[in-house]
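There are 4 protein chains.
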Amino acid sequence: MTQHAIHGIVAYTITPFAADGTPDLDALGKSIDRMIDAGVHAIAPLGSTGEGAYLSQDEWSAVAERSVQAVAGRVPTVVSVSDLTTANAVSRAKQAEAFGADAVMVLPASYWKLSDAEIIAHYQVIGDAIGVPIMLYNNPAVSGIDLSVDLILKIVDAVDNVTMVKESTGDVQRMHQLYLRTEGRLPFYNGSNPLALEAFGAGAVGWCTAAANLIPQQNIALYDAARGGRLTEARDSFYAQLPLLDFILKGGLPKTIKAGLDMTGLPVGAPRAPVQPLDAAGCARLAEILAAVH
Amino acid sequence: MTQHAIHGIVAYTITPFAADGTPDLDALGKSIDRMIDAGVHAIAPLGSTGEGAYLSQDEWSAVAERSVQAVAGRVPTVVSVSDLTTANAVSRAKQAEAFGADAVMVLPASYWKLSDAEIIAHYQVIGDAIGVPIMLYNNPAVSGIDLSVDLILKIVDAVDNVTMVKESTGDVQRMHQLYLRTEGRLPFYNGSNPLALEAFGAGAVGWCTAAANLIPQQNIALYDAARGGRLTEARDSFYAQLPLLDFILKGGLPKTIKAGLDMTGLPVGAPRAPVQPLDAAGCARLAEILAAVH
Amino acid sequence: MTQHAIHGIVAYTITPFAADGTPDLDALGKSIDRMIDAGVHAIAPLGSTGEGAYLSQDEWSAVAERSVQAVAGRVPTVVSVSDLTTANAVSRAKQAEAFGADAVMVLPASYWKLSDAEIIAHYQVIGDAIGVPIMLYNNPAVSGIDLSVDLILKIVDAVDNVTMVKESTGDVQRMHQLYLRTEGRLPFYNGSNPLALEAFGAGAVGWCTAAANLIPQQNIALYDAARGGRLTEARDSFYAQLPLLDFILKGGLPKTIKAGLDMTGLPVGAPRAPVQPLDAAGCARLAEILAAVH
Amino acid sequence: MTQHAIHGIVAYTITPFAADGTPDLDALGKSIDRMIDAGVHAIAPLGSTGEGAYLSQDEWSAVAERSVQAVAGRVPTVVSVSDLTTANAVSRAKQAEAFGADAVMVLPASYWKLSDAEIIAHYQVIGDAIGVPIMLYNNPAVSGIDLSVDLILKIVDAVDNVTMVKESTGDVQRMHQLYLRTEGRLPFYNGSNPLALEAFGAGAVGWCTAAANLIPQQNIALYDAARGGRLTEARDSFYAQLPLLDFILKGGLPKTIKAGLDMTGLPVGAPRAPVQPLDAAGCARLAEILAAVH
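Residue numbers (my numbering), protein chains in the order written: chain A, 1316 to 1609; chain B, 1316 to 1609; chain C, 1316 to 1609; chain D, 1316 to 1609.
Structure (structure tokens):
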């Protein structure tokens, strides 16, 4: 693994809500400080974990702006700007750039299934509107669209500032193909938590994870071992944190990460309805898992 | 089939856009008049076909209001009020009721997968906020959530004004179970165009379809034959219109229906990006199919 | 529906086993008599229900011969001759023809996935070896291979004596395509019990079913109503027998049908291990369902 | 990874056929010598690659006996004894033991889907009949049955001599669960070629592969690097052989491995129909890939 500008542990932020349901920007800043202090390598606001899809336009803008300010250049910031319409995605991308984001992340969110040509055009229009790099994000479980490796490579070829790929299918064969077909030159990032060991094994330069809100040292230790080529150490590190990674995947990131932050002394409120807070049994299990990891 | 308040051909509207990209409410009114004049039994604005998910809140309200006004009580109106957050879905449901809708349709749109309890609560909160009936809508291909027959029946039991079910999985076995387990008492509607014959066979009281923008007489003829118990006539009617039903399903409803309306003298503009207009080859094929149906 | 040589209720036989585990040919003959006396339109030995895949070569031959003898020309006999190797399938097809079968049924059983060319060649070699018609059988759930409508039509074109298609995917859209693309001229048969109503609606000329061992009158009544174009009567008949059709599908045909025959006075032994007899709870449920149907 | 009796590269044999279609036992012996001379750690006859399912009982016995003789105790032999009926699987397992096999491999081959209880009983009966260990084999793509991790662990608990698990779903999460839930104590083997790197990463003690017929040194090098904890070396080794691993997976093992053996000077004949030999384009591609690997 060569070291790219954006690499290592790319930490997703949650979006805290105050008691009145509005974004709690102070708590947001604290959660960012925590992760940077722990040593994560980049911050990624407003992704799936950040409930970006559940915010109004004004809320989205306020959270994006405050996130970049809170990071304050200590590490790179990658703001997710996905939206159902191309026009809104462009608007968000331009805002993120204006706020000072180092890169933007774009998932082709869909209601109606999109053709390859429509997806390429979506990235092209966004790419043309901004001057910062785009991390293409493939996650069919939330977007409803699965970008094949063929299509991803077409987009990378067609759109100059699509320079990074985040793969979240959980299928390591996609990473193999990205690696083989670009001879290892296209930086790709893992977005599937329980695949963290294998993704680094397959050559991923980074791991985009919300787990860094709860166990940043462990995440970083796995990255360091893998980057150093120490397989046995990486495996041990991975298995030690896997119960937490499985738990947050199955439970849903906003509700489990928010519950975990509350437990560790940073109240961030509930996810937005219809998503509900983690229930009592889930909280008890999460506490056990966290205790075992630490 | 007994005759429910809402039955027969429940026609989806498209949302026309003017050259400047804003909703064209006059064209919307004309498209509604066309279908009611042809004899459809109900109008359903702002569904999947109506690009409801792609509109701003203000646009949504304007389209909902105008739709109900245009129908003017000639047939029942069922407004789709689905939204990612419960709060917005409630807001839309209340608006629809205030505008005069006879019922609302609710799809549990999702980004994060929802538990059964979260889905039930979503319907409960919406149901409590309004006084008109709710048509529950199951369409995993667009919502990302598949409501089992068990869950649907739980919701129908738990929420008083969920009184109708629209099933769009395309799996006729779901309809069999809805029928068997309620002894035929729960009115269900078909939302899968190429299943129109089988759905009526299985006891569906209505067919929610965007095809009524293009071939309302044929849709109505199929319903009449099925309702009259005339299987051979229903089969012949179905096979005559099936090429169109397959085409609009595979091509995507907004782009194919809008292209078809343009061809038949009612310009309604393009779908909103990233969805693009039907391409030239698609238009040629659609013209052939329409000519063959008529 | 025009009336083909093979049409209506095509009844699958089970293969009874004696206490010592060998085929009980007398019980086989009785089970065939029962169904013919009840009025079924054809007999289909050694299909999935008949545990053809679980028999030795000698057992297979004995069961095939006795089945044709027992039918004795009262109705057509369609013997399933599927085997993993082409050579064995040819051998079985020739035996079936020699015994006097009116047609053979061929499922492309597979261990290694087959290419389209390999599947076509398989049918071609079998077709060349015999002088009776072949019913092509598509059932990916048991064979591991799903024949697309395109491929089925290619085989029908390429192999002269493939003249009938049995579709068992349970997806009525396959039947729509078979009907539309051959303008209703290719006789197709339904092999998915809970799709019986829809298949006849879509134009199937026959229903291949093991249910005829237990409820032949009801199966025939559904066929008669559908063939007569009486939709309401067909629907009522279908829903009355659907609980049994669902039960035998979910429970597995050999074990549920054998249990049902035992209950109705014709002891036929257990299925061959690893398949086990229906358990006590299953038998109790089956008895209830049978009582309700009658 | 601790070193189990059976570990490292477990090499599948093909079953060569002479010009008259009968098994060519001399060629079989040569193919086994080649792999043992190259350093593989165990030999596995009559698996999927060995076309075990396509052989008559007599052929199966002859191939099993000769395989064990040819290995002659130089490395352990694991004979696949899977069959559709429990009785035949028991018969094969006893024969394999009598011939001197060190272990047997059992895939729950199915036609009718089996319940958990039926699968457990199948393993129990086989286990009771023999005195050598059983490697449980999960491969839903060929068997039609997917054994969950829960069920696998139940079988391991219930049947004393089921002591090893071969996982071929290609889903590395299954291996994670096997590892986590047994605290690394249950030896598991990888049967999915393109997952070889990740499986060793996750703690697999062996890799069952037909690739060892063609590139045994490369397979062994990957195992050695992984076992030594040298991740970077393992990754480079893996990517160098991945094009071949992908090719044989997609092309089907018997036909691609047999073509490769022919190319490298060991004629082994064609696979048994309906499977056909690799076509000319496939052979050309395989030659290129082999040249690039070496």
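From the three backbone atoms N, C-alpha and C, an ideal C-beta is built for every residue, glycine too. Please read these numbers as outputs of a predicted model, since none were measured by experiment.
In its chain, beyond the 5 residues on either side, V1464 and E1482 have a beta carbon closer than 7 Å to the beta carbon of B:R1489.
Proximity of chain A to D:G1336 at the Cβ level (cut-off 7 Å) is not reached, the minimal Cβ distance being about 36 Å. Distances from the alpha-carbon of A:D1417 to those of A:V1383, A:G1485 and A:H1609 put A:V1383 closest.
In the three-state reduction of the DSSP assignment, C:N1505 falls in the strand class. Against chain C, the CB of B:T1497 has no partner CB under 7 Å away; the residue lies outside that interface.
Within the region 1419-1443 of chain C, P1423, A1424, S1425, Y1426, W1427, K1428, L1429, S1430, A1432, E1433, I1434, A1436, H1437 and V1440 place their CB atoms closer than 9 Å to a CB of chain D, listed in sequence order.
Beta-bridge partners of B:T1392 (DSSP): B:I1358. Residues of chain A with a Cβ closer than 8 Å to the Cβ of B:R1407 do not exist; the shortest Cβ-Cβ separation is about 14 Å. Nearest in C-alpha terms to A:D1461, of all of A:T1497, A:D1472 and A:T1484, is A:T1484. Setting aside the 5 residues that flank it on each side, A:G1584 is surrounded in the same chain by P1331 and F1332, each with a C-beta closer than 6 Å to its C-beta; the list follows chain order. Per DSSP, the beta-bridge partners of A:G1521 are A:G1323 and A:Y1504. Bridge pairing for A:E1482: A:N1453 and A:N1505 [DSSP]. A straight line joining the alpha-carbon of D:R1381 with that of C:A1473 spans about 42 Å. A:R1587 carries a coil assignment under DSSP once its states are collapsed to helix, strand and coil.
Leaving aside the five residues that flank C:E1374 on each side, the residues in its chain whose CB is nearer than 6 Å to its CB run, in chain order, P1338. CA-to-CA, the gap between A:K1570 and A:P1586 works out to about 6 Å. In terms of beta-carbon proximity, B:Q1533 stays away from the interface with chain C, with every pair separated by 7 Å or more. Among the bridge pairs identified by DSSP, D:M1420 is matched with D:S1395 and D:M1450. Within chain C, the residues G1516 and L1546 have their CB atoms less than 8 Å from the CB of B:A1549, given in chain order. Against chain D, the CB of C:Y1369 has a partner CB under 7 Å away; the residue lies at that interface. Between D:G1459 and chain C, the shortest Cβ-Cβ separation is below 7 Å.
If you look at C:V1474, you'll find it isn't in any alpha helix (DSSP H); DSSP assigns it neither H nor E. Residue environment: C:E1433 is assigned as buried (16 or more neighbouring CB atoms within 10 Å of its CB, all protein chains considered). By DSSP's assignment, B:P1338 forms a beta bridge with B:F1332. Ranking A:L1343, A:L1601 and A:A1517 by CA distance to the CA of A:V1386 puts A:L1343 first. The beta carbon of B:S1376 is closer than 7 Å to those of Q1410 in its chain, skipping five residues each way along the sequence. Buried is the label assigned to A:G1323, since at least 16 other Cβ atoms lie within 10 Å of its Cβ.
One finds V1487, L1510 and E1513 in chain C with Cβ atoms closer than 8 Å to the Cβ of B:V1487, taken in chain order. Looking at the backbone, the Cα of A:D1475 and that of A:N1534 are separated by about 31 Å. Per the C-alpha coordinates, the member of D:A1408, D:W1427 and D:V1471 positioned closest to D:I1435 is D:V1471. Annotation: B:S1430 to D:R1600 spans about 49 Å, alpha carbon to alpha carbon.
The beta-carbon distance between A:A1320 and A:P1391, rounded to whole angstroms, is 6 Å. This is short enough to meet the 8 Å contact definition.
Counted as a single uninterrupted DSSP element, the stretch harbouring B:N1528 is not any alpha helix (DSSP H), since DSSP gives it neither H nor E. Rounded to whole angstroms, the separation of the alpha carbons of B:L1495 and B:A1525 is 28 Å.
The Cβ-Cβ distance between B:V1608 and C:E1513 does not fall below 7 Å. The CB of D:A1359 never comes closer than 8 Å to any CB in chain C; the least such distance is about 16 Å.
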